[in-house]
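Reading through the structure tokens given below for one structure.
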């Protein structure tokens, strides 16, 4: 279903765990420009969310997080139903094998990717295997 204003605190909490940082202000800004904002509730808690953002030649799916492939699939099908035949781009971490399988099963094809590098400790406090789509390489 659609993200409701009362979902915002829980959405930001889930996003913070998965991305490893509190991105609440950014999420609030993205919600204002999103073409669609979807959520999956399960057993009284949020199991994932997906924002459909405008892109230069279509739409971009992300941020998109899910607690598992079933929730991710439900979000993806909901988003694609709203996108129609627009060009659709998704960027996800290579460690998310479930996400890669899901996207390939629907005909998405890999394109040349970017590589993230760090100087210093390469620590990431989040759960990249639960990131199914990043809003942008600049902010995840």
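Numbering (this note's numbering), first residue to last: 1 to 140. All C-beta atoms, glycine included, are put in the ideal place defined by N, C-alpha and C. This one's a predicted model, so the numbers in the text were calculated from it and none came from an experiment.
Within 7 Å, strictly: CB atoms of residue i and residue j
i, j, result
"residue 58", "residue 75", "no"
"residue 30", "residue 38", "no"
Counted within 10 angstroms of its Cβ, other Cβ atoms place residue i as buried (16 or more) or exposed
i, result
"residue 88", "buried"
"residue 23", "buried"
"residue 143", "In this structure the chain extends from 1 to 140, so residue 143 is not present and cannot be described."
"residue 45", "exposed"
"residue 115", "exposed"
"residue 40", "buried"
"residue 6", "exposed"
"residue 4", "exposed"
Spatial neighbours of residue i in its chain, beta-carbon cut-off 6 Å, leaving aside the 5 residues before and after
i, result
"residue 166", "Residue 166 lies beyond the residue range present for the chain, which begins at 1 and ends at 140; the question has no answer from this structure."
"residue 82", "36"
"residue 98", "69"
"residue 8", "none"
"residue 60", "53 and 89"
Length of the line joining the Cα atoms of residue i and residue j
i, j, result
"residue 100", "residue 10", "26 Å"
"residue 78", "residue 123", "33 Å"
"residue 120", "residue 85", "43 Å"
"residue 52", "residue 117", "27 Å"
"residue 129", "residue 63", "14 Å"
"residue 56", "residue 136", "13 Å"
"residue 141", "residue 113", "Given a span of 1 to 140 for the chain in the structure shown, any question on residue 141 remains unanswerable."
"residue 107", "residue 132", "16 Å"
"residue 2", "residue 109", "27 Å"
"residue 27", "residue 67", "18 Å"
"residue 126", "residue 14", "10 Å"
"residue 95", "residue 32", "30 Å"
Contacting residues, own chain, Cβ-Cβ under 8 Å from residue i (five flanking each side not counted)
i, result
"residue 102", "69, 72, 73, 76 and 132"
"residue 17", "126 and 127"
"residue 80", "88 and 106"
Which ranges does the alpha helix (DSSP H) cover as unbroken runs of at least 4 residues, wholly within the region 13-78, from first to last along the chain? 24-33
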